[in-house]
Every structure is written in C-alpha cells, then in structure tokens.
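Below: one structure, written as structure tokens.
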Amino acid sequence: MEVLDVIQTYFSGMVMNLPKAKGFPVWLKYVPETKAAMQRFTEHIVSLMKADNLFQIQGESKKSLMDLLFECESQIENEFGPVEFEIGAPGRAYTKWAANLAQLILLFGLVGGYTGWGTPVPHRPAEDIAYSVAQFIQKGGSFMNYYMYHGGTNFGRTSGRFIATSYDYDAPIDEFGLLNEPKYGHLRDLHKAIKMCEPALVYSEPTITKLGNQQEAHVFNYQAGGCAAFLGNYDLKSDATMTFRGLQYTLPPWSINILPDCKNPVFNTAKPPYDDKSITKAGLMEQINITRDASDYLWYSTDVKIDPNEGFLRNGNSPVLTVQSAGHALHVFINGQLSGTAHGSADNPKLTFSGKVKLIAGVNKISLLSVAVGLANVGVHFETWNVGVLGPIMLNGLNEGKRDLTLQKWSYKIGLDGENMGLYSLQGANKVQWVDGASLVQKQPLTWYKTSFKAIPGNDPLALDMGSMSKGEVWINGQSVGRYWTAYKSYGSCGDCNYAGTYSAKKCQRYCGEPSQRWYHVPRSWLNPTDNLLVVFEEMGGDPSGISLLKKTVNSVCSEIFDWQPNLKSYLSLTSGKAPLRPVAHLWCAPGENISSIKFASYGTPLGVCGSYKEGSCHAHKSYDAFKNCIGQQGCSVIAAPELFGGDPCPSLMKKLAVEAICS
Numbered sequence: 007m008e009v010l011d012v013i014q015t016y017f018s019g020m021v022m023n024l025p026k027a028k029g030f031p032v033w034l035k036y037v038p039e040t041k042a043a044m045q046r047f048t049e050h051i052v053s054l055m056k057a058d059n060l061f062q063i064q065g066e067s068k069k070s071l072m073d074l075l076f077e078c079e080s081q082i083e084n085e086f087g088p089v090e091f092e093i094g095a096p097g098r099a100y101t102k103w104a105a106n107l108a109q110l111i112l113l114f115g116l117v118g119g120y121t122g123w124g125t126p127v128p129h130r131p132a133e134d135i136a137y138s139v140a141q142f143i144q145k146g147g148s149f150m151n152y153y154m155y156h157g158g159t160n161f162g163r164t165s166g167r168f169i170a171t172s173y174d175y176d177a178p179i180d181e182f183g184l185l186n187e188p189k190y191g192h193l194r195d196l197h198k199a200i201k202m203c204e205p206a207l208v209y210s211e212p213t214i215t216k217l218g219n220q221q222e223a224h225v226f227n228y229q230a231g232g233c234a235a236f237l238g239n240y241d242l243k244s245d246a247t248m249t250f251r252g253l254q255y256t257l258p259p260w261s262i263n264i265l266p267d268c269k270n271p272v273f274n275t276a277k278p279p280y281d282d283k284s285i286t287k288a289g290l291m292e293q294i295n296i297t298r299d300a301s302d303y304l305w306y307s308t309d310v311k312i313d314p315n316e317g318f319l320r321n322g323n324s325p326v327l328t329v330q331s332a333g334h335a336l337h338v339f340i341n342g343q344l345s346g347t348a349h350g351s352a353d354n355p356k357l358t359f360s361g362k363v364k365l366i367a368g369v370n371k372i373s374l375l376s377v378a379v380g381l382a383n384v385g386v387h388f389e390t391w392n393v394g395v396l397g398p399i400m401l402n403g404l405n406e407g408k409r410d411l412t413l414q415k416w417s418y419k420i421g422l423d424g425e426n427m428g429l430y431s432l433q434g435a436n437k438v439q440w441v442d443g444a445s446l447v448q449k450q451p452l453t454w455y456k457t458s459f460k461a462i463p464g465n466d467p468l469a470l471d472m473g474s475m476s477k478g479e480v481w482i483n484g485q486s487v488g489r490y491w492t493a494y495k496s497y498g499s500c501g502d503c504n505y506a507g508t509y510s511a512k513k514c515q516r517y518c519g520e521p522s523q524r525w526y527h528v529p530r531s532w533l534n535p536t537d538n539l540l541v542v543f544e545e546m547g548g549d550p551s552g553i554s555l556l557k558k559t560v561n562s563v564c565s566e567i568f569d570w571q572p573n574l575k576s577y578l579s580l581t582s583g584k585a586p587l588r589p590v591a592h593l594w595c596a597p598g599e600n601i602s603s604i605k606f607a608s609y610g611t612p613l614g615v616c617g618s619y620k621e622g623s624c625h626a627h628k629s630y631d632a633f634k635n636c637i638g639q640q641g642c643s644v645i646a647a648p649e650l651f652g653g654d655p656c657p658s659l660m661k662k663l664a665v666e667a668i669c670s
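Counted from 1, the sequence shown has number 59 at position 53 by the working numbering; the numbering is strictly sequential.
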C-alpha cells in the first residue's frame, strides 16, 4: 500500500499545482523517457490493486483512498485508436497487451463525437450505439460506461486543438441538460431489458448457436432454470427471419433482439420507441402544428427550481399552478404524479386548469399532457382554430408572488411511449412485460391493459361495454375501435319530446347524466374464433375488470300504422283504377330469431312509444287475436282493418294500430 500512498500524494499535488490541461498536458512534453517506464509502471500498479481487491468488480470488501475519488476500474489505455491506425502492427500488438491487463469492461462507449472547427457535427444513431452495447453484453461484457452520457461545454480556453467550445458529443443528455431523444429513451429501455436478464448473465457463460450465415443466438442460463437469449442479425442490409426454439423472429439488419425468457422479445436495438420529433424551444407551441395529427397526445415539459427558503415549504400552503389551454383536455403531472385534469367541451373547447401543486426544494418537473379530441371539421375558418397549451402558465404563492412559466424553455414530445412501441398490436404487445392477476393496477392514470378473449358465437352484432373505464382508446387485434370517454357525463334537457316545429339537436334529447357513449361497435370481421387481443390505454384511471363484450340484439320489434294511412302502394293502386290498399303493420325479427310473443297490441288510440305502449281511451279488445299467427314466425304482416279486431271501437275517431313483439 506504500506505493499507492505515494501515487495518491503525488497525484493530489499535481492537481493543485499544474496548469489546467488543454488537450495533451503541456508539462508532460518536457518529462524525459515517459514511454520507457510506462509498461513496467502500469503492470505493477494493476497487480498491486488486484492483490488488494481494489477493483469494483472484485467486490466491496476493501476500500482505499482512490475509492473515495472513484470506484476503481483499470483504464489501461485511452484514445489509442488513431495511433494504432497510423503505426499498424506494433500498435495492434500494444492494444492486445493493454486489453489483457483489464477485465472485459468498456469504459469508453462512444455515443457520438466532439465537434471540430470546420467539420460536420458527429452523430451516432441510437440504433447503432444500442447494437454495440447489446453485442458487448452478449459476448460476456460486464460493464458499460458511456462517453459522454451528459454533454458538456469547453468553457474558456479549455478545448483541445481545433475542438469547438461545445462538447455536446451527441450525448443522451445534451450540454444544456435536456434529454436527447430518441437516444436517451432507447438506451434507457436497452438497459431495462438487460437488467431483466441479469440473473442469467451473471450466472452462466453464453452458449452460441448459429441461426444463419450472419445470424446467431447467445443463450444464458438461469440458476433456477430457464434462460435468456440475445438474437443477432449481423447482416448490414437485409432483414432476417430466424427460427429459435420453435418460434420465428424477424430482425432488421444490424440489430439484436433481447429475450429475457428465451421466448418473448422485449427490445430490439434497431427500433427506438421514441419519436425523433422531440424538440426544445423557449415558449409554448400550438399542438397540431407539432403533431401533424400523428397522435392525440403532446407532452409539454419544463423544470421549475424552488428555493429551499420558500415560505410554502414551511407553512404548508402549496402554490397554485394555472394553465390556460386552447383545448381539448389536459392532464397535469408534477414530478411524475398526476396533479389534476381539466377539459373543454364541444361548445367551448378552451380550458383552464387551476390547482394546488406539491413542489419540493430544488428542481421540479412539470409535465403537461395535452390531448386533442378530434380535428375541427365545421365552422367559420375552422382551419385557424388552435389546440394545445398556449398559455399563459402561472405559478402563484411563491415568495416572489407569482412566476410566469410561459416563456421559459419547454420540451415537446409527440405521442405516448406505448403508441410508439405499438403496444396495441399483436407484435408490439410482446415488447414489454405485463403484470397480471392480483397485481393488476386499477384507477391508475396513463396505464395500458391487455387481455385475450374468444369470439361470441353467432352472427349478432357485438358491442364493447366500456362503462367501467374513464377516457382513452381501445384496440382489438391491432384495429382501433376508437376513443372512449365514459367519464364525461352528458348534460342537457331530457324532458318530454315535442317534435313539432323546426328540428334542432337540443330537441328531444335522451340519456342526460349518462356517458355520451358507453357501448362501442366491434365488427365481427376483426375477430378470430379464439385468441383475440384487446388492448386499452386509460388516461385517467378505470377498472378494466368491468369491460365486457356483448351481443347487440333486438329484443322486440314494433309497428305503428294509422287507420287508412296513405302509402305509396295505395296511391299507385288508386291511380291505376284499382281499389286502394289498406294500411299494413309489418313485424320482422333479425335473422335467426322468431317472434316468441306479442307484448302489446292495440287498435284504437294507443299511447306512448315502442317499449312503453299503453292503451288509450279507445281500444279494440280483440287486438291481440289478429297477431296469433305471427308466433313462431320470423316476420308477419297484419292489415289495419276493423273487422280483424272485433269491429270499430270508436267510429268517430281516426284510429291507430300499435304492436310490439318479442324476438328470441
């Protein structure tokens, strides 16, 4: 340990006394014979550190002063690639020697590159860096360090030769501290997938199986049984379909699938689920101009710094956030937690959210999920109507009084992660692990649910009952049934219906206080006999166990006809010189159903409407007799003639025949 102590002391002194390096340290140029001592020194230091278990990979049993500076890894060489290229074989031999000194740990995983004066800005696609990392892990790699993960800035004169002031490096987090999508999200999901395989990765070495000329599988076994697999397609240009353990998988070129259970792929390196259209801009932007209707959803996100001395942190009087939006709905999240919801209406789509929010000392994340509920389709200059959060956005209740957030930097992200991953499709639903059974989450906002079901036999129309849910979208076998919004109860005047006069939509309204739509049509052509996939995205929170698929049947049919009511056939008979036809009441059940009973029949002055008929002051007592022969038939017709009902019950009045039959 004496040698290490000397090194640490020397290192500390050099940090204090040497000028800041601008690229290669100036002082090192004047130290003689540095290369001659390098090999002996490096090997000695590595052996000392191994002997004392100082490397992170060797565990936590011992700590040294160097552990206080960083968790020790052995970076034997750095940025030797350009030198190796120049000097050829000796350079390659040196690289191999240096590599053999260290564990299989990648400390320099390049996510991009620095910008030089007069050169284009380097960019490494998220797909490529993800492929590189997955390939490294599948070959036994145990640690990945990204360079850089957070971009930086070469302030002052610190940049190297012909290197620009920006050191953004195309990093997952840029030099301004903002997320660089899709790289950030894609790499995050990559490591989630690797984490799912962790028990197998640390328990066993990979077994490699060739699946094609340029395709192979790396399989890791779990201690408790089962396995995890990495399927790779190394072809530079073409997709590849491969069979692994009896199942087929199609991979894009230059990509790797990760299967934590050797069956279901949860990640593919060539398919970032995040949209490249994520942008950051000062101020607020109109929603449709950004989304171009690619999604109903647009995220508006910003950070708010709260001073530890803010009074509300002590007195408990939470500040109030006020957001004005052009519509149509808004969900407000503070530090990842739903804080409130607001929505407009068809008559007035604009909305204002105002509510207390729970903020903490330090940086708080405000995320506004703006929701469009369809595009404008009628009105004066409707093409100019706006959607989305246009402000102002105010935070009231701070020491400074109020803070205007409208013009600060906002990040915009189009759509939902689940949308971009295609979770509603048969293929996309296999990209993630779903929680089932007793762990099913209910009343949780922004939640995806899925289940499978058998088709209901028969030819009856089908309807999906979404009464237990709140707001979102539903898919069956990848087909969107549509938006649902059962939490939005209808309002209006649902009194007696007097239809006389000019019609308007507010006349004769029904179902006030109920969801505007509860049942959703499901075409039978979308269904398989079994294994139908139902996927629901719920915005606000609901109970998916209450969703049901129902047959939409006509339980009863009705007919109303007035005595001597004119009709087209009667007119044609009259004009041709024939005797006019008598009015006829027609009853007809759906295919496969027959009339099982007559619920109501009255020839006279019946009252009410279909489903709620009742006898009037004039009623022929043999009204039912005329329909006896209809029982057991799919349909029948009865002439409105007094003699069929036992005579005219009220000769001085115009009579009506009303009948309701039950179909089964």
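Don't be surprised by glycine CBs; every beta carbon is placed ideally from N, CA and C.
Note that the coordinates shown come from a computational prediction; the quantities given were computed from them, not determined experimentally.
Bridge partner(s) assigned by DSSP for residue i
i: Pro-521; result: Lys-495
i: Asp-261; result: As written in the sequence, residue 261 is Ser, which differs from the Asp given in the question. DSSP, once it has assigned bridges, lists Asn-239 as partnering Ser-261.
i: His-592; result: Ser-643
i: Gly-172; result: Rather than Gly, the amino acid found at residue 172 in this sequence is Ser. For Ser-172, which the question treats as bridged, DSSP gives the partners Thr-159.
C-alpha distance - residue i paired with residue j, whole-angstrom precision
i: Lys-198; j: Lys-243; result: 27 Å
i: Asn-402; j: Leu-304; result: 25 Å
i: Ala-332; j: Gly-122; result: 44 Å
i: Leu-659; j: Tyr-630; result: 20 Å
i: Ser-431; j: Gln-141; result: 28 Å
i: Arg-163; j: Trp-491; result: 58 Å
i: Glu-316; j: Met-427; result: 41 Å
i: Asn-534; j: Pro-463; result: 11 Å
i: Leu-446; j: Leu-411; result: 37 Å
i: Phe-182; j: His-129; result: 17 Å
i: Gly-94; j: Gly-238; result: 31 Å
i: Pro-314; j: Leu-404; result: 11 Å
i: Gln-639; j: Glu-599; result: 8 Å
i: Gly-507; j: Gly-614; result: 20 Å
i: Ala-469; j: Ile-372; result: 39 Å
i: Ile-604; j: Lys-661; result: 20 Å
i: Glu-406; j: Asn-354; result: 34 Å
i: Tyr-190; j: Ser-522; result: 41 Å
i: Glu-292; j: Trp-416; result: 12 Å
i: Thr-297; j: Ile-420; result: 6 Å
i: Val-326; j: Cys-564; result: 57 Å
i: Cys-656; j: Lys-628; result: 14 Å
i: Asp-502; j: Lys-512; result: 12 Å
Candidates the options, of which the one nearest residue i by Cα
i: Leu-552; options: Arg-530, Asp-537, Ala-667 and Arg-524; result: Here residue 552 turns out to be Gly, not Leu, going by the sequence shown. It is Arg-524.
i: Tyr-153; options: Thr-159, Pro-612, Gly-118 and Gly-162; result: Gly-118
i: Asp-442; options: Lys-662, Trp-454 and Gly-519; result: Trp-454
i: Asp-241; options: Trp-491, Ala-235 and Leu-257; result: Leu-257
i: Thr-159; options: Ile-179, Ser-148, Asn-151 and Gly-548; result: Ile-179
i: Cys-500; options: Gly-519, Ile-51, Pro-96 and Gly-548; result: Gly-519
i: Thr-328; options: Asp-267, Gly-653 and Thr-358; result: Thr-358
i: Lys-560; options: Val-395, Leu-593, Pro-314 and Val-326; result: Note that residue 560 is Val in the sequence shown here, rather than Lys. Among Val-395, Leu-593, Pro-314 and Val-326, the Cα nearest to that of Val-560 belongs to Leu-593.
i: Ile-645; options: Leu-404, Ala-591 and Asn-635; result: Ala-591
i: Pro-126; options: Ser-603, Ala-170, His-156 and Phe-114; result: Ala-170
i: Asp-299; options: Cys-268, Ala-246 and Leu-381; result: Leu-381
i: Trp-391; options: Ile-294, Lys-419 and Val-438; result: Ile-294
i: Asp-302; options: Thr-286, Pro-266, Ala-235 and Leu-375; result: Leu-375
i: Leu-290; options: Thr-297, Tyr-306, Cys-503 and Ala-276; result: Tyr-306
i: Ser-562; options: Cys-656, Tyr-619 and Gln-433; result: Tyr-619
i: Ile-312; options: Ala-607, Lys-460, Ile-340 and Leu-365; result: Leu-365
i: Gly-368; options: Val-310, Asn-151 and Asn-483; result: Val-310
i: Thr-457; options: Gly-484, Gly-231, Tyr-505 and His-192; result: Gly-484
i: Gly-231; options: Ala-607, Gly-350 and Tyr-209; result: Tyr-209
i: Ala-607; options: Asp-569, Arg-588, Phe-633 and Val-665; result: Val-665
Cutoff 9 Å: residue i Cβ touching any chain D Cβ
i: Ile-200; result: In summary, chain D is missing from the structure at hand, where a single protein chain is found.
Distance between beta carbons of residue j and residue i, contact taken as under 8 Å
i: Glu-211; j: Gly-146; result: 7 Å
i: Phe-226; j: Ala-206; result: 4 Å
i: Ile-264; j: Ile-200; result: 7 Å
i: Val-541; j: Leu-429; result: 6 Å
Q. Which runs of the beta strand (DSSP E) fall wholly inside the segment 365-412 and span at least 3 residues, in chain order?
A. As for any beta strand (DSSP E) of minimum length 3 sitting wholly inside the segment 365-412, the runs are 368-377, 395-404 and 407-410, ordered along the chain.
Q. Which parts of the segment 317-366 are runs of the alpha helix (DSSP H), unbroken and 4 residues or longer, counting only runs that do not cross its ends?
A. The segment 317-366 contains these whole alpha helix (DSSP H) runs: 318-321.
Q.
Which complete beta strand (DSSP E) runs does the segment 496-570 hold, if anything under 3 residues is left out?
A. With a minimum length of 3 residues, the continuous beta strand (DSSP E) runs that stay inside the segment 496-570 are 525-528, 538-544, 554-557 and 562-568.
Q: Only counting runs of 3 or more residues, tell me where the beta strand (DSSP E) segments fall wholly within the segment 605-648, in order along the chain.
A: If we require 3 residues or more, the beta strand (DSSP E) runs fully inside the segment 605-648 come out as 641-645.
**Q.** Complete beta strand (DSSP E) runs within the segment 194-237 (minimum length 3 residues, chain order)
**A.** As far as the segment 194-237 is concerned, its whole beta strand (DSSP E) runs of at least 3 residues are 213-218 and 221-227.
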